[in-house]
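A.B. asks:
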Amino acid sequence: MEGQTPGSRDLPEKPHPAAAAATLSSMGAVFILMKSALGAGLLNFPWAFSKAGGVVPALLVELVSLVFLVSGLVILGYAAAVSGQATYQGVVRGLCGPAIGKLCEACFLVNLLMISVAFLRVIGDQLEKLCDSLLSGTPPAPQPWYTDQRFTLPLLSALVILPLSAPREIAFQKYTSILGTLAACYLALVITVQYYLWPQGLVRESRPSLSPASWTSVFSVFPTICFGFQCHEAAVSIYCSMHKRSLSHWALVSVLSLLACCLIYSLTGVYGFLTFGTEVSADILMSYPGNDMVIIVARVLFAVSIVTVYPIVLFLGRSVMQDFWRRSCLRGWGPRALADPSGLWVRMPLTVLWVTVTLAMVLFMPDLSEIVSIIGGISSFFIFIFPGLCLICAMGIEPIGPRVKCCLEVWGVVSVLVGTFIFGQSTVAAVWEMF
1 MEGQTPGSRD LPEKPHPAAA AATLSSMGAV FILMKSALGA GLLNFPWAFS KAGGVVPALL
61 VELVSLVFLV SGLVILGYAA AVSGQATYQG VVRGLCGPAI GKLCEACFLV NLLMISVAFL
121 RVIGDQLEKL CDSLLSGTPP APQPWYTDQR FTLPLLSALV ILPLSAPREI AFQKYTSILG
181 TLAACYLALV ITVQYYLWPQ GLVRESRPSL SPASWTSVFS VFPTICFGFQ CHEAAVSIYC
241 SMHKRSLSHW ALVSVLSLLA CCLIYSLTGV YGFLTFGTEV SADILMSYPG NDMVIIVARV
301 LFAVSIVTVY PIVLFLGRSV MQDFWRRSCL RGWGPRALAD PSGLWVRMPL TVLWVTVTLA
361 MVLFMPDLSE IVSIIGGISS FFIFIFPGLC LICAMGIEPI GPRVKCCLEV WGVVSVLVGT
421 FIFGQSTVAA VWEMF
C-alpha cells in the first residue's frame with residue numbers, strides 16, 4: 001500500500017477534513033490506542049484462558065489474532081487517507097457505499113452503547129466491592145444508602161465522567177489515557193506478583209489443566225480477544241488527529257500499541273489462570289480475598305482505568321449522532337443555526353443524553369455478563385469485516401500494480417471471512433449460554 005505512487009506514499013497530501021485539528025503526537029496516539037484496548041476485557045482474560053483449555057492454546061490464538069488486529073488498524077489508516085473522511089463510519093460510507101455505511105453506523109452505535117453500559121457495570125461492581133471491603137470490620141448490618149450503586153454511579157457520572165466526556169476533540173484524552181494505562185499495568189503486575197508470593201488467604205488450584213477440552217473450546221477465546229483489543233473504533237479519529245500521518249508511521253504506532261497491550265493481556269491471562277486454574281472467576285479480581293490491601297488498590301485503580309476509557313467510547317458514539325445531526329440540518333430537517341454538531345449547544349446535549357441512557361440501562365438492566373460474547377461478536381465487524389471491505393473497495397480507487405492489488409484483495413476477503421466466522425461463533429455461543 002505504501003510506495004506505489006508519490007501520492008500514496010505521502011498520505012497527508014490527501015484531502016482531509018481533520019487537517020486543522022492535527023494536534024496529537026505519536027506518543028499520545030500510542031497511549032490513546034492502548035487505553036482504548038485496555039478496558040474491561042482485561043478482567044476476563046484469565047477466564048478466557050481457562051475456557052480455551054490452558055496457556056498454550058490461548059496464547060496461540062492471541063498471537064494469530066494479533067496479526068489481524070494490526071492489519072485492521074493499518075487498513076483503517078490507509079482507508080481514511082484514501083477516502084478523506086475523519087470518522088470510522090464516514091470512511092466505510094465513503095468507500096463501500098451508503099448501504100454498508102448505514103449498516104456500519106447502526107452496528108457502531110449499538111456496539112459502543114453496550115460497551116459503555118458494560119464499563120459502567122464494571123465501575124459499579126468495583127465500587128460496591130470497595131465499599132464492602134471498607135465496611136467489612138463493622139457488625140453485620142444493612143449496607144448504608146450511600147454505598148448503593150444507584151447513588152454512587154450517578155454521582156460519579158455527574159462529577160467525573162461527564163466533565164471528561166465534554167471536550168470536542170479526542171486529543172484531550174491523551175492526558176487521562178496515560179493514567180488509565182498505568183492503572184491497567186498495575187493490575188497485570190499485581191496478578192503476576194501474587195502468583196509468586198502466594199499471600200495468606202489465597203486459595204489456588206495446584207495443577208491447572210494445560211490442554212483444551214475440545215478443539216471448539218479454543219475458539220471461545222476469540223470473543224474475549226475482540227472485546228479486549230477493541231481499539232479499532234477509535235483508529236480513524238486518532239489517525240486524523242495526528243501530526244504525522246504517513247502510512248509507515250501509523251503502522252509503527254499501531255504495532256507498538258498492540259504489542260504493549262498484548263504483553264499486559266498475556267501476563268494477566270497467564271498468571272491469573274495459573275493461580276486459580278479452572279476455578280477462576282469471569283472477573284479475576286473477584287477470585288482474590290476482598291480484604292487484601294493490594295487488591296483493594298488494584299480495584300480502585302482499575303475503576304479509574306475504566307473511567308478514563310469511557311469518554312473515548314462516548315466520543316466515538318457521539319460522532320455517529322453528530323454525523324446524523326449534520327446530514328439532517330443539511331436536508332432542512334433541523335435549524336441551520338445549529339448545523340455545526342461540534343458546537344457547545346449540540347455537543348453537550350448529546351453527551352448528557354449518552355451518559356443518561358447508559359446509566360439508566362446499567363441501573364435497570366440485569367447483569368451483562370451473559371452478553372459479553374455478543375459484544376465481542378459485534379466488535380468483529382470493526383476489527384475484521386469493515387476493514388476488509390474498505391481494503392477491497394479501496395483497490396478500485398488507488399493505482400496499484402496487479403500483483404499487489406490481487407494480494408491485498410485476497411487479504412481483504414480473508415479478513416471478512418474470519419470476522420464473519422467469529423461473529424457467528426460468538427453469537428451462537430452467547431445465545432446457547434443464555435438459553
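Residue numbers (UniProt numbering): 1 to 435.
Where a beta carbon is used, it is the ideal one built from N, C-alpha and C, also for glycine.
Quick check: what's the CA-CA separation for V418 versus C107?
C.D. replies: Rounded to whole angstroms, V418 to C107 spans 18 angstroms at the Cα level.
A.B. asks: By alpha-carbon positions, which one of V221, T358 and C390 ends up nearest to P57?
C.D. replies: It is V221.
A.B. asks: Can you list, in chain order, the residues of its chain with a C-beta nearer than 6 angstroms to that of I422? Leave out the 5 residues immediately preceding and following it.
C.D. replies: The answer, listed in chain order, is F222 and S380.
A.B. asks: Three or more C-beta pairs closer than 8 angstroms, one from the segment 384 to 401 and one from the segment 143 to 162: is that the case here?
C.D. replies: No, they do not touch.
A.B. asks: Please state whether DSSP places L24 in a helix, a strand or coil.
C.D. replies: Three-state result, L24: strand.
A.B. asks: Decide if V23 is buried, meaning its Cβ has at least 16 other Cβ atoms within 10 Å, or exposed.
C.D. replies: Note that residue 23 is Thr in the sequence shown, not Val. So T23 ends up on the exposed side.
A.B. asks: Tell me, which residues are paired with M242 by DSSP?
C.D. replies: Looking at the DSSP assignment, M242 forms a beta bridge with L24.
A.B. asks: Need the endpoints of the alpha helix (DSSP H) that R150 sits in, please.
C.D. replies: Per DSSP, R150 belongs to the alpha helix (DSSP H) from Q149 to L156.
A.B. asks: Grab the span of the alpha helix (DSSP H) containing D132 for me, first residue to last.
C.D. replies: From DSSP, the alpha helix (DSSP H) with D132 extends over P98 to L134.
A.B. asks: Report the CB separation of I306 from G39 in whole angstroms; it is logged as a contact under 8 angstroms.
C.D. replies: Confirmed, about 7 angstroms.
A.B. asks: When the Cα atoms are used, what is the spatial distance from L256 to K129?
C.D. replies: Rounded to the nearest angstrom, the two C-alpha atoms are 34 angstroms apart.
A.B. asks: Leaving out five residues before and five after V70 in sequence, what residues of the same chain have Cβ atoms less than 7 angstroms from its Cβ?
C.D. replies: Here the set comprises S254, V255 and L258.
A.B. asks: Determine the direct distance from the alpha carbon of F276 to that of V404, and round the result to whole angstroms.
C.D. replies: Taking the straight line joining both Cα atoms gives about 48 angstroms.
A.B. asks: Is Y186 near A79, with beta carbons less than 8 angstroms apart?
C.D. replies: Not in contact: Y186 and A79 (Cβ atoms no closer than 8 angstroms).
A.B. asks: Does DSSP put Y288 in a helix, in a strand, or in coil?
C.D. replies: In this structure, Y288 counts as coil in the three-state DSSP scheme.
A.B. asks: Less than 8 angstroms between the beta carbons of Q89 and V320, yes or no?
C.D. replies: Yes, they are a contact pair.
A.B. asks: Which same chain residues, not among the five before or five after H243, have their C-beta less than 8 angstroms away from its C-beta?
C.D. replies: Counting only Cβ-Cβ distances below 8 angstroms, and skipping sequence neighbours, we find A22, T23, L24, S25 and S26.
A.B. asks: For D132, collect the residues of the same chain with a Cβ closer than 7 angstroms to its Cβ; drop the 5 residues on either side in sequence, then sort them by chain order.
C.D. replies: So the qualifying residues of the chain are G290.
A.B. asks: What is the rounded straight-line gap between the Cα of I32 and the Cα of D125?
C.D. replies: Spanning the two alpha carbons is a distance of roughly 25 angstroms.
A.B. asks: Over what stretch of residues does the alpha helix (DSSP H) that includes I264 continue unbroken?
C.D. replies: First-last of the alpha helix (DSSP H) with I264: L247 to F276.
A.B. asks: Going by beta-carbon coordinates alone, are A166 and M286 separated by less than 8 angstroms?
C.D. replies: Contact flag unset, no.
A.B. asks: Per DSSP, what kind of secondary structure is C231 in: helix, strand or coil?
C.D. replies: In the structure shown, C231 sits in coil (DSSP, three-state: anything other than H, G, I, E or B).
A.B. asks: Taking its Cβ as the centre, do 16 or more other Cβ atoms sit within 10 Å of G401, making it buried, or is it exposed?
C.D. replies: Per the 10 Å Cβ criterion, exposed.
A.B. asks: In angstroms, rounded to a whole number, what distance separates the CA positions of Y146 and T351?
C.D. replies: In a straight line, the C-alpha of Y146 is about 26 angstroms away from that of T351.
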